[in-house]
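Those letters in the sequence shown? Residues 145 to 999, per this note's numbering, in order.
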Amino acid sequence: MSSPAKKRKRNALDTSPQKTRSIESFFQGQAAKRDKQAGPESKPESAPEARLASDDSEQTQSDEALARKLQAEWDQEEQLASADKNADVSTAGEPASTLPAAPGSKAPEERAVKASIIAQKKTLSLQSSAGTEDTVALAVPFDQSPQTFDATRYAAELRSHWAADGGDASYALLTRAFVLANATTSRIKIVDTLVNFLRVLIEGDPSSLLPAVWLATNSITPPYDEKELGLGGSAISKALKKIYGLDSQGLKALYNKHGDAGDVAFEAKKRQSFTLAKPKPLRIKGVYQSLLKIAASKGSGSQEVKQRIVDKLLQDTRGAEESRYIVRTLVQNLRIGAVKTTMLIALARAFLYSKPEGAEFTIRPREELARLKKEELAEVYSNAEELVKASYARHPDYNDLVPCLLEIGVREELLIRCGLALHIPLRPMLGSITRDLADMLTKLQGRDFSCEYKYDGQRAQVHCDEHGKVSIFSRHLELMTEKYPDLVSLVPDIRGESVSSFILEGEVVAVDSESGELKTFQTLTNRAKKNVDIGAIKVNVCLFSFDLMYLNGEPLLNRPFRERRELLRSLFVEIPNRFTWVRNLDATSTESEAVLEFFKGATDAKCEGIMVKVLDNTTNSNGTISTMDLTGTPEVEDDAARPLDASVDKKGAKEKPTRRKALLSTYEPDKRLESWLKVKKDYSASSETLDLIPVAAWHGNGRKAKWWSPILMAVRNPETGTLEAVTKCMSGFTDKFYQANKEKYAPGSPNVISRPSYVDYRGEPDVWFEPQEVWEMAFADITLSPTYTAAIGLVSEERGLSLRFPRFLKAREDKSIEEATTSDYLALLWRKQGEKIQDQADVNGTEEQLGWQED
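As structure tokens, then:
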């Protein structure tokens with residue numbers, strides 16, 4: 145893309161020890177230099193206003209012109225508002241009645257008084273923007289090993305440094321941690337950086353720890369009480385133009401080059417030669433409070449309020465890196481390679497080394513931890529991390545977790561003080577995916593398990609307290625009580641007489657209220673999400689419950705699944721087609737034929753497949769849970785590998801470490817274990833594959849943070865030539881493929897483009913690809929979608945088509961994008977899929993009739 149025709153001018157700086165000069169004196173010197181260089185034929189302008197008008201007429205904004213314009217506007221306002229207040233202002237040798245002169249006045253005494261008033265008020269005086277960064281914060285080596293990093297020393301130095309500006313931790317310190325975390329792909333280094341940063345705050349400014357945790361996790365509130373910033377791209381663009389003097393062409397050129405709003409802010413700030421005032425240091429608390437104010441701003445005039453806050457944040461940044469991360473925070477994409485689990489690990493380790501002044505809990509001296517062997521230190525870390533992660537999984541709110549850690553540290557009491565609570569959703573337990581039924585039966589060999597229909601609906605967690613208040617949360621912990629007033633109204637009828645409070649889990653499925661026939665997930669999506677009138681509901685639902693985690697004030701997480709299920713089914717009242725239990729079959733690995741028939745029944749009933757859950761813990765003769773049942777592997781986390789377990793033989797010698805864990809039937813929040821297994825319809829259930837075009841992508845999370853994942857795929861509209869988005873894919877790729885793909889579509893390469901007009905998609909990916917490849921994709925089903933635009937108008941006027949469980953197979957180097965799958969063909973496959981489902985329903989209905997007649 146060609147560069148803009150007009151760019152912002154930059155003045156050559158004459159290096160001088162003087163840091164602050166009045167605006168007039170600066171412009172006077174610059175004008176003299178230009179006149180001298182221009183020669184005698186050049187006609188100098190008689191007044192600053194003339195030069196400013198000339199600049200404006202050319203639509204260029206040099207540093208000088210921008211500063212002059214703002215100075216003139218300020219002078220006019222200040223003269224009217226402050227004439228009485230400043231009437232008796234006097235400086236060395238000047239009368240008290242002298243007032244600032246109008247812009248362009250050449251009286252030296254008036255300019256001197258004006259410069260004095262400006263200096264006193266710390267307002268518009270032109271300064272070099274260099275040297276404004278917080279050099280003390282920038283020197284802290286957070287990326288050292290925690291065993292060698294002396295947090296106490298740095299905390300003391302920083303407290304003295306912050307004292308002059310109020311005593312709170314500076315945002316520059318958080319920026320320093322972000323920069324170091326972003327500079328490495330090493331998971332260990334990222335964790336160490338966050339650990340040391342948190343330690344400095346714990347010892348130096350504990351009150352800033354909570355805001356720092358929220359900012360570092362790219363959020364401001366817990367997910368069940370999520371507050372949206374509600375900032376559009378225009379607010380960021382306007383602020384960048386206003387604060388850094390960019391024009392539209394310059395802004396677009398920077399964005400096309402870097403592709404990231406934070407990087408654009410970095411470059412713009414770096415190019416800024418002058419600032420109109422020395423920025424007031426940003427504070428971690430202040431930035432967090434500003435975000436809360438943005439989120440809280442609603443109604444008429446809210447956009448103006450938000451814009452002023454954004455402008456002020458960018459204006460007060462000191463240095464290009466602060467600008468980068470302020471903007472990334474505003475667009476909620478930090479890109480530091482750290483996710484939720486990273487922060488929990490960092491918090492756990494930080495409180496092993498440090499505690500706030502006056503805290504009563506004990507910590508282990510840094511020197512003592514440094515003397516431990518690698519295996520011993522890993523065990524100490526692991527124990528602390530498991531406590532913090534378990535507490536957060538049960539009570540996912542930093543507003544409660546962080547103050548509790550500051551008070552008691554990492555102790556078992558944390559699980560009680562910050563544990564399971566009504567109306568605060570726990571993070572759900574997840575199941576591991578298996579290849580097929582044979583794989584599942586092998587993993588659960590010798591164990592009793594229950595097979596359950598995996599319904600095609602929305603997972604829901606229902607809370608009810610003793611006063612009858614009901615809250616319903618989604619799998620991602622979003623509050624959706626307003627979406628299901630019909631379920632809320634059921635609660636008094638479904639809980640038995642002995643039930644006062646509970647937390648249960650189930651699947652909300654769209655059903656026919658008369659026949660109980662299951663409907664698709666797409667039908668469920670037709671329900672409104674907010675302000676639902678129970679009398680106007682057209683899509684009826686049934687809650688198929690499958691677990692009970694809390695009953696009458698007591699957590700049930702440590703009870704076996706068989707016991708939890710028995711309590712659920714014995715204490716709650718079933719209401720046909722509105723509240724019932726998931727259909728299930730209890731079996732063992734030897735009953736493969738029965739399991740196969742159950743699986744077929746699930747898929748025939750329009751379910752995704754089945755869930756298989758271990759019913760009981762295995763126990764030793766003394767009644768304790770056996771640790772020798774080590775079938776299966778635990779969840780592999782993105783952020784840090786768990787310490788390897790090691791078993792001991794009879795001679796006491798350690799055997800080879802294993803990553804296998806016991807299959808327990810307890811409820812483990814936020815863990816993906818092989819105690820629960822998913823068996824879905826195989827990808828080969830659809831013999832068709834599609835040839836799709838990769839057109840865009842997002843930055844990955846966790847282990848995939850350095851790659852593009854997921855990737856947006858599109859089909860071709862043969863009539864208009866546009867590419868219509870059909871799905872996001874993040875399955876089937878190898879690490880080698882990810883690496884090659886990231887190199888091919890690296891920012892700045894010709895393969896990365898600005899948003900193309902010929903791609904039809906309503907979202908905002910992080911990067912747009914030059915369409916040039918065709919990938920073969922497998923999938924399970926084709927579904928109607930309110931998000932994707934593929935084949936819109938062919939099957940529905942309002943919805944397009946999308947793919948369920950898309951998986952990359954290979955790149956089709958033998959095909960060009962003109963030979964990619966068309967939207968017409970996608971619509972044809974969708975219709976065939978519907979006919980197949982109807983044919984199968986007819987067959988099942990005929991079989992049921994014959995069976996009834998034979999009976």
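Every residue, glycine too, gets a C-beta built ideally from N, C-alpha and C.
Computed from a prediction, not measured in an experiment: that's the story for all the values here.
Looking at P854, P720 and A869, the one whose alpha-carbon comes closest to that of Y882 is P854. Within the region 898-929, the runs of beta strand (DSSP E) at least 3 residues long that lie entirely inside it are, in chain order, 911-913, 919-922 and 925-929. If you ignore the 5 residues before and after A738, its C-beta comes within less than 7 Å of the C-beta of L729 and A731, all in its own chain and listed in chain order.
DSSP places F646 inside the beta strand (DSSP E), whose first and last residues are F646 to A654.
As DSSP reads the structure, C686 sits in a beta bridge with V653.
At a Cβ-Cβ threshold of 9 Å, A492 and L531 count as neighbours.
K750 and K663 have their C-alpha atoms some 8 Å from each other. DSSP, read as helix, strand or coil, puts G745 in helix.
Collapsing the DSSP output to three states places M693 in a strand. Of all alpha-carbon atoms in L345, Y905 and A528, the one lying nearest the alpha-carbon of E556 is that of A528. Considering only Q288, Y315 and P285, the residue with the shortest C-alpha distance to D278 is Y315. Between the region 707-724 and the region 685-697 there are three or more C-beta pairs closer than 8 Å, enough to call the two in contact. Note on L570: 16 or more other CB atoms within 10 angstroms of its CB, so buried under the neighbour-count rule. Looking at V918, I936, S819 and P355, the one whose alpha-carbon comes closest to that of S960 is V918. Close CB contacts of C595 within its chain, under the 7 Å cut and outside five residues either way in sequence, are with N728, L729, A731, V739, F742, I754 and V756 (chain order). A distance below 9 Å separates the beta carbons of A604 and Y628. By the neighbour-count definition (other C-beta atoms within 10 Å, threshold 16), D600 is a buried residue. Following the DSSP letters along the chain, one finds I719 in no alpha helix (DSSP H), marked with neither H nor E. Each of A299, T329, L359 and Y368 was checked against the Cα of I346, and the nearest Cα belongs to A299. If you look at A383, you'll find it isn't in any beta strand (DSSP E); it sits in the alpha helix (DSSP H) that goes G377 to Y388. Exposure of Q589 is indicated by the presence of fewer than 16 other C-beta atoms within 10 angstroms of its C-beta. Counting along the chain, the unbroken alpha helix (DSSP H) around T486 starts and ends at K484 to Y497. Shown here, C608 sits in a strand according to DSSP, grouped into three states.
In the structure shown, N895 falls within a coil segment according to DSSP collapsed to helix, strand and coil. Per DSSP, W358 is one residue of the alpha helix (DSSP H) stretching across L353 to A360. In this model, L856 and E957 are separated by some 19 Å (Cα to Cα). Residue pairing by DSSP puts Y597 in a beta bridge opposite I754.
F341 and A840 have their C-alpha atoms roughly 35 Å apart. Exposure of H611 is indicated by the presence of fewer than 16 other C-beta atoms within 10 angstroms of its C-beta.
Taking a C-beta distance under 9 Å as the contact criterion, R472 and R462 do not qualify as a contact pair.
With at least 16 other beta carbons inside 10 angstroms of its own, I334 counts as buried. N861 sits buried, since 16 or more C-beta atoms from the chains shown fall within 10 Å of its C-beta. Under DSSP, the beta-bridge partners assigned to D835 are E920. In this structure, I380 is the residue among R816, R706 and I380 with its C-alpha nearest to the C-alpha of Q447. In terms of Cα proximity to D656, the closest of G650, V632, S441 and L687 is L687. Residues of the same chain with a CB within less than 6 Å of the CB of S441, apart from the 5 flanking positions on each side, are V449 and K450 in chain order.
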